[in-house]
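Working notes, beginning with the structure itself.
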Amino acid sequence: MSKKNILILGGGYAGIIAANRLARKKEDLQITLLTANPNFVEKIRNHQVIAGNLKKTHSIRDLLHKKVDLVLAKATKIEPQNNRVILENGEAISYDFLGYTPGMRSVNLKNLPGNYFSIVNPEDCSQLRKKMEKSSSPRVTVLGAGLTGIETATEIAETYPHARVTLMDSGSVGKSFSSVGAEYIRKILSDLKIEVVEDSKAESLGEDHIQTSKGSFHFHDYCVTSVGFVASDLGSKSGLPHYPNGQVILDEYMQVPEYSNIIGAGDAVKPEGEQYSPLRMACATALPMGIYMAERISGLLGLKTSVGNTPFSMAYVIRCVSLGRNRGIVQSVQPDDVPVEKIWTGKMAAFIKETICKFTILSLRMEKYFDFYPIPKAKQEVVKKEEGLLATNAK
1 MSKKNILILG GGYAGIIAAN RLARKKEDLQ ITLLTANPNF VEKIRNHQVI AGNLKKTHSI
61 RDLLHKKVDL VLAKATKIEP QNNRVILENG EAISYDFLGY TPGMRSVNLK NLPGNYFSIV
121 NPEDCSQLRK KMEKSSSPRV TVLGAGLTGI ETATEIAETY PHARVTLMDS GSVGKSFSSV
181 GAEYIRKILS DLKIEVVEDS KAESLGEDHI QTSKGSFHFH DYCVTSVGFV ASDLGSKSGL
241 PHYPNGQVIL DEYMQVPEYS NIIGAGDAVK PEGEQYSPLR MACATALPMG IYMAERISGL
301 LGLKTSVGNT PFSMAYVIRC VSLGRNRGIV QSVQPDDVPV EKIWTGKMAA FIKETICKFT
361 ILSLRMEKYF DFYPIPKAKQ EVVKKEEGLL ATNAK
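Position 243 (the sequence shown) corresponds to 243 in my numbering; numbering is contiguous.
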């Protein structure tokens, strides 16, 4: 019997952890990970790239199990009807199962001047760092006050105290936190002398200014865009069903309904159903999805699997945000990511955030050797599983 070819498209959190778990499943699997970048991009640390305090990087080859083949090339199209992926050089890679994990990208803001930088793009972050280091008192606007925008604004303000930083959003700052959490974030922003512009939609993006829907002008030397994150457009360009933001539509088993041998994970996908509406683009989502993808493929191959024969489910536990290097906030949330009035702040929260960032890399590495990363579950799901085991054992 010939080896089954499993192609993992994308070298992010979901793709690497899925490849590593699959590599330990069976000897006669041909597992290939396809990505254009030889280095792993810790998107959760891109704001540190701007600050220049991200010292360590990781090669994807070093993070991968030795049985996983690494192909460094850019995919331009998927031909699901032919079970193959077309590369930029015109070559094709065939597959029996495709793990679709190409991740996110920043929204295409056309004709932007050269002083606009996307927080999603590590090259943009590096370029901005070089400019910041040469500037005496730059004006910097961070457009978008979500979790990433808040981290970016505070990191810049703390690292470059001579900079004048503005955080702008069409809604309110800290809107995804509890009231006590949002209050703490506002306090830190005030301490760092960050100007907050809320409920102001950016209508016009000029070279040195942003005009808002209220008619006001806010001037800058550099602008960091932290808005409009969308999924990779590879799936949509290849004819796969997708949402308006580009995320490929999956069923509850994380498979593309029309092509059941395409299983997705990470920022570029989202399963249908009300129970999946809370899922957000995040490392906290990508890792559980990547584990499930590996287990689902295992189930489809008839191999032993822990969760691959049941619909995908996960629960959120906390939401972590760094507020510079020495402070942070950890927001406790319900399984559906709704915040509750319980937070950790200050140095303790910064320590928790940093520990979790390191844990993600540790998880990728440990999955080369044994099943290390557990998919977080809601308490009621764990109780139901335990009750089922008790009932089975009692028979």
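For glycine and all other residues, C-beta sits at the position ideal for the given N, C-alpha and C.
Pair within 9 angstroms by beta-carbon distance, residue i and residue j
{"i": "Val-85", "j": "Leu-98", "result": "yes"}
{"i": "Leu-399", "j": "Leu-70", "result": "In the structure as shown, the chain starts at 1 and stops at 395, and residue 399 therefore has no counterpart that could be examined."}
{"i": "Gly-103", "j": "Ser-232", "result": "yes"}
{"i": "Gly-235", "j": "Ala-268", "result": "yes"}
{"i": "Met-289", "j": "Gly-308", "result": "no"}
{"i": "Lys-24", "j": "Ile-291", "result": "The amino acid occupying residue 24 in the given sequence is Arg; Lys does not appear at that position. Contact: no."}
{"i": "His-218", "j": "Met-168", "result": "yes"}
{"i": "Val-333", "j": "Tyr-316", "result": "yes"}
{"i": "Ser-176", "j": "Arg-319", "result": "yes"}
{"i": "Tyr-95", "j": "Leu-7", "result": "yes"}
{"i": "Ile-343", "j": "Val-180", "result": "yes"}
{"i": "Ile-188", "j": "Arg-327", "result": "yes"}
{"i": "Ile-17", "j": "Glu-295", "result": "no"}
{"i": "Val-49", "j": "Arg-164", "result": "no"}
{"i": "Val-173", "j": "Ile-185", "result": "yes"}
{"i": "Tyr-276", "j": "Lys-131", "result": "no"}
{"i": "Leu-300", "j": "Ser-238", "result": "no"}
{"i": "Glu-252", "j": "Pro-271", "result": "yes"}
{"i": "Met-224", "j": "Tyr-116", "result": "Correcting the residue type first, residue 224 is Val in the shown sequence and not Met. Yes. Within cutoff."}
{"i": "Cys-357", "j": "Glu-155", "result": "no"}
{"i": "Val-256", "j": "Pro-244", "result": "no"}
{"i": "Gly-52", "j": "Glu-133", "result": "yes"}
Residue i versus residue j: straight-line alpha-carbon distance, rounded
{"i": "Ser-170", "j": "Lys-353", "result": "27 angstroms"}
{"i": "Gln-30", "j": "Glu-79", "result": "20 angstroms"}
{"i": "Leu-389", "j": "Asn-46", "result": "At Leu-389, the pLDDT of 47 sits below 50, so the modelled position is not reliable; the number obtained from the coordinates is stated separately. Their Cα atoms are separated by approximately 44 angstroms."}
{"i": "Lys-66", "j": "Glu-158", "result": "41 angstroms"}
{"i": "Tyr-369", "j": "Leu-63", "result": "12 angstroms"}
{"i": "Gly-10", "j": "Leu-364", "result": "14 angstroms"}
{"i": "Thr-141", "j": "Ala-36", "result": "31 angstroms"}
{"i": "Pro-138", "j": "Thr-345", "result": "29 angstroms"}
{"i": "Glu-386", "j": "Gly-90", "result": "Only weak support exists for where Glu-386 lies, its pLDDT of 48 falling under 50; the value from the coordinates is given anyway. If you take the alpha carbons of Glu-386 and Gly-90, they lie about 52 angstroms apart."}
{"i": "Met-254", "j": "Pro-161", "result": "46 angstroms"}
{"i": "Gly-273", "j": "Ile-249", "result": "10 angstroms"}
{"i": "Glu-27", "j": "Leu-303", "result": "12 angstroms"}
{"i": "Val-383", "j": "Ser-178", "result": "Only weak support is given to the placement of Val-383: the predicted model assigns it a pLDDT of 48, under 50, and the question is left unresolved by the model."}
{"i": "Ala-378", "j": "Asp-337", "result": "11 angstroms"}
{"i": "Ile-5", "j": "Asp-371", "result": "Looking at the sequence itself, residue 5 is Asn, so the reference to Ile does not match. Answer to the nearest angstrom: the Cα atoms are 22 angstroms apart."}
{"i": "Gly-114", "j": "Glu-207", "result": "8 angstroms"}
{"i": "Thr-57", "j": "Thr-148", "result": "20 angstroms"}
{"i": "Met-293", "j": "Ser-135", "result": "46 angstroms"}
{"i": "Leu-192", "j": "Asn-111", "result": "32 angstroms"}
{"i": "Phe-351", "j": "Ser-2", "result": "49 angstroms"}
{"i": "Ser-298", "j": "Ala-19", "result": "11 angstroms"}
{"i": "Pro-335", "j": "Met-314", "result": "8 angstroms"}
{"i": "Pro-339", "j": "Met-348", "result": "19 angstroms"}
{"i": "Thr-360", "j": "Gly-215", "result": "43 angstroms"}
{"i": "Gln-127", "j": "Leu-54", "result": "14 angstroms"}
{"i": "Ala-75", "j": "Ala-92", "result": "9 angstroms"}
Residue i, enclosing alpha helix (DSSP H) - first and last residue
{"i": "Leu-189", "result": "179-191"}
{"i": "Phe-117", "result": "Taken as a continuous stretch (DSSP letters only), Phe-117 belongs to no alpha helix (DSSP H), being part of the beta strand (DSSP E) at 116-118."}
{"i": "Gly-266", "result": "It is not in any alpha helix (DSSP H) - Gly-266 carries neither H nor E in the DSSP assignment."}
{"i": "Lys-353", "result": "346-366"}
{"i": "Ala-202", "result": "Careful: Ala-202 lies outside any alpha helix (DSSP H), inside the beta strand (DSSP E) at 202-205."}
{"i": "Val-49", "result": "46-51"}
{"i": "Ala-294", "result": "283-300"}
{"i": "Leu-128", "result": "122-134"}
{"i": "Leu-234", "result": "234-237"}
Span of the beta strand (DSSP E), counted from its first residue to its last, around residue i
{"i": "Ile-6", "result": "4-9"}
{"i": "Asn-245", "result": "Run containing Asn-245: none; DSSP gives neither H nor E here."}
{"i": "Thr-212", "result": "209-212"}
{"i": "Ser-106", "result": "104-106"}
{"i": "Arg-139", "result": "139-143"}
{"i": "Leu-70", "result": "69-72"}
{"i": "His-218", "result": "217-219"}
Whole-angstrom C-beta distance between residue j and residue i, which should lie under 8 angstroms
{"i": "Tyr-13", "j": "Ile-262", "result": "Wrong, their Cβ atoms sit about 19 angstroms apart, outside the cutoff."}
{"i": "Ile-44", "j": "Cys-283", "result": "5 angstroms"}
{"i": "Ser-200", "j": "Thr-212", "result": "4 angstroms"}
{"i": "Thr-152", "j": "Ile-194", "result": "Actually they do not touch by this definition, with Cβ atoms about 11 angstroms apart."}
{"i": "Thr-447", "j": "His-220", "result": "Residue 447 is absent from the model: the chain starts at 1 and stops at 395."}
{"i": "Pro-38", "j": "Leu-72", "result": "6 angstroms"}
For residue i: DSSP bridge partner residues
{"i": "Ser-332", "result": "Ile-318"}
{"i": "Val-85", "result": "Ile-78, Ile-93"}
{"i": "Lys-25", "result": "Note: Lys-25 sits in no beta bridge, so no partner."}
{"i": "Glu-195", "result": "Thr-166"}
{"i": "Thr-305", "result": "Answer is none; Thr-305 lacks a bridge partner."}
{"i": "Ser-59", "result": "Asn-39"}
{"i": "Thr-225", "result": "Ser-118, Leu-143"}
{"i": "Ile-343", "result": "Gln-331"}
Proximity test, residue i beta-carbon vs the ligand ADP heavy atom, cut-off 8 angstroms
{"i": "Glu-354", "result": "Absence of the ligand ADP from the depicted structure is noted, as is the absence of any ligand whatsoever, leaving it without description."}
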